[in-house]
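Accompanying notes for the structure given below.
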Amino acid sequence: MGKQAKEPEQQHYQSYTSERPDVLSKIQCEPSRVLDIGCSSGALAASLRRRFDGLTLYGIEVDEAFAKDAKRHFDSLIFADLDQLTVSQLPRDIDTFILADVIEHTKNPDLVLEMIRQVAAPNAQLILSVPNVQHWTVIKNLLLGDWPERERGIFDRTHLRFFTEKSLRRLFERHRISITSFGRNYRLFDSPRYGLARLAKYFGFWPLQNFIAYQFVVAGRLSKKQCAPKE
C-alpha cells in the first residue's frame, strides 16, 4: 500500500478505482465479514454490497483522497499505511480478505500475510492480484537497459515488490495458503491505449502464457477444510 496520501493524479486514480469483476469472480464461498486491504475509492466494496446481502465490510486505505471516497461503502475504514499497522488494529474473525494490487506496494508482504492469518476466521478465503513482472514488456525494457517509471501498471513507480508466478506461489506456500484458483489477465502491451487487449487471450497458452499475462488473480484458503459454496 505504498500509494502516497496525496490527491492522486487522474491517471493514477482511475487505475485503482475499478470494480474489479476479475477479483470478485474468484470469491468461492459466501462472504460475511470482508476486509478489503487497499480498498482505494471503494468501488469494489460497492459491488460486493450489490452482490451479497448482510455483509460487514472493513477497509484499509492509506491514500487520503481514496479513503474519503471509500468511507461510505464500509462499516469501518482504517486510514493507515499497511506497513505501519499492527494486528491489534485489525478487525477479527474475517472470512474473506481482498488484496487487489496491494502487496507489491508493501515493504514486507510476508508480514502482511502473517497479520491476516492472525485475524482470520476458520477456513477464511483470500483473493489477491499482482502485476506479473515476467511480462514480455519487462524483459524488453531490461534488454534495452531501461526501467520506466509510470503512474500505473507493471511499472508503477510506487511498487516495492515484484512477482512472477513461481515467486507468488512460494509466498502462498510459506504461509500455508492453499491455492484454489490461479487466473491470468492477459495484455499484449503495458498501455491499455493499444486496442489489442482482446487479442492477448489467444496467446494464453504454454509456454507463452506468462509472457503475455499482465496480472495474476489468485484465490486461496487458509485451511484445507471445505467451505459452503456461494449461492
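Per the numbering used here, residue 1 is the first one in the sequence shown, and the count goes up by one each step.
The beta carbon of each residue, even a glycine, is placed where N, CA and C say it ideally should be.
Owing to the predicted nature of the structure, the values given are computational and were not obtained by experimental measurement.
| Query | Result |
| --- | --- |
| For Q125, the three-state DSSP class (helix, strand or coil) | strand |
| Contact set for E149: own chain, Cβ-Cβ below 7 Å, skip 5 residues either direction | F155 and R157 |
| Best match in A120, S41 and V87 for proximity to G220 [C-alpha to C-alpha] | A120 |
| Own chain partners of L35 with C-beta closer than 6 Å, once the 5 adjacent residues on each side are dropped | Y58, I94 and F97 |
| For D22 and I212, the rounded distance between their alpha carbons | 17 Å |
| Burial state of K140, where buried means 16 or more other Cβ atoms lie within 10 Å | exposed |
| Candidates N123, P131, I78 and E61: closest to H185 by CA position | The question names His, yet the displayed sequence has Asn at residue 185. Out of N123, P131, I78 and E61, P131 has the C-alpha closest to the C-alpha of N185. |
| Straight-line gap, R169 to F182 (C-alpha atoms, nearest Å) | 10 Å |
| Given I37 as reference, the closest of V102, S223, C29 and H73 once Cα atoms are compared | V102 |
| Cβ contact (3+ pairs, closer than 8 Å) linking the stretch 44-61 and the stretch 71-83 | yes |
| Straight-line Cα distance separating V87 from R49 | 26 Å |
| First and last residue of the uninterrupted alpha helix (DSSP H) at V138 | W136 to L143 |
| Three-state class that DSSP yields for Q215 in the structure shown | strand |
| Under the three-state DSSP convention, the category E61 falls into | strand |
| Distance, V217 Cα to I127 Cα | 7 Å |
| DSSP beta-bridge partners of V34 | L57 and T96 |
| Proximity below 9 Å, CB of S47 to CB of L24 | yes |
| Where D81 falls: helix, strand or coil (DSSP) | coil |
| Residue range of the beta strand (DSSP E) that includes F182 | S178 to Y186 |
| Pairwise C-alpha distance: H135 and W147 | 13 Å |
| From F163, V138, A45 and T180, residue whose alpha carbon lies closest to that of F66 | A45 |
| R161 beta carbon less than 9 Å from that of P109 | yes |
| Simplified DSSP state of R221, which is helix, strand or coil | strand |
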